[in-house]
Amino acid sequence: EAMLQLDGLTKGYLQGTPGAVEVLRGIDLTLSAGETVALVAPSGAGKSTLLHIAGLLDTPDAGRVVIAGQDMSGKGDRARTAMRRQDIGFIYQFHHLLPEFTAAENVILPQLANGAGRAAAAARAAELLDRVGLSARAGHRPAELSGGEQQRVAFCRALANRPRVLLADEPTGNLDPETSDRVFGALMALVAETGLAALIATHNMELAARMDRVVRLDNGRIEPGPV
Ligand code: ADP
Ligand code: ADP
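Here the sequence shown is numbered in full-length UniProt numbering, starting from 3 and rising by one per residue.
Quick look at the structure:
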């Protein structure tokens, strides 16, 4: 079952000017439910552009983004925002947790924004934090947590609304190699339990090799990755 489908995506910037660039030149990529795919791209290849379009934060010049069978091309802001809140989880290189809220509150808030009740949201947050070994840290603010702990909280936040698609941009790129390895294991375990489709950009080939499939973004197209 296709969960995230990118069909013929093209995107350029500054068209009609001397600085015009064609960043995406026909991206075709399909992720099934439960599939983890590593996206490897040299700097400037268009990784952020691709993740933003897949995450409905930006629109392509041509092509389609289909999420859980729903073609999002031509949909308005409301439908795109609703889909983004409910069905797409984002993880960034830097955690972007809200500094004045605790770990638990950071996982609860997106659920409230999505219409969940407070008790259910708190229970879900406690369950997720427990699964990544952070029960004892639930009441701490981000500044009181280590980098690896902050990033694990960010994973819990991304998965709080039970999204069907996870998009991650260097999710452990900010951590030392040993912590990165451990924290990445926590992420893979969460993903395996939820059965969502995960597209995870990374420069780390060891981490990439732990995913179901590796693809390379090269010259505006998706190529099979190194094996
Ligand atoms: P990556 O994330 O792989 O480093 P990006 O998607 O950020 O790549 O950018 C790909 C290319 O598109 C780069 O050459 C970048 O300079 C250009 N680019 C990205 N965003 C814009 C923009 N808003 N306006 C003009 N050029 C842009
Ligand atoms: P909220 O529910 O707080 O209003 P949005 O609906 O705007 O948030 O966005 C939903 C998701 O998209 C959030 O996870 C948010 O972090 C992410 N997001 C929103 N805008 C951007 C952006 N410009 N760049 C990266 N991620 C974004």
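All residues carry an ideal CB built from backbone N, CA and C; glycine is no exception.
None of these values were measured; they are calculated from a predicted model.
| Query | Result |
| --- | --- |
| Quick check on the burial criterion: 16 or more other C-beta atoms within 10 angstroms. Buried or exposed for ASP73? | exposed |
| Please report the straight-line C-alpha distance between HIS205 and VAL39, rounded to a whole angstrom. | 13 Å |
| Are the stretch 57 to 71 and the stretch 205 to 220 in contact at 8 Å, needing three or more beta carbon pairs? | no |
| Does the Cβ of TYR94 lie closer than 7 Å to at least one heavy atom of ligand 1? | no |
| Helix, strand or coil: which one does DSSP assign to PRO226? | strand |
| Relative to ligand 4, is the shortest distance from any of its heavy atoms to the C-beta of LEU16 smaller than 7 Å? | Ligands in the displayed structure: ligand 1 and ligand 2; ligand 4 is not one of them. |
| How about GLN153 and PRO144: are their beta carbons less than 8 Å apart? | no |
| Identify whether GLY65 lies in helix, strand or coil by the three-state DSSP scheme. | strand |
| Alpha carbon to alpha carbon, what distance is there between LEU111 and THR32? | 31 Å |
| Relative to ligand 1, is the shortest distance from any of its heavy atoms to the C-beta of GLY46 smaller than 7 Å? | yes |
| When the Cα atoms are used, what is the spatial distance from HIS97 to THR51? | 19 Å |
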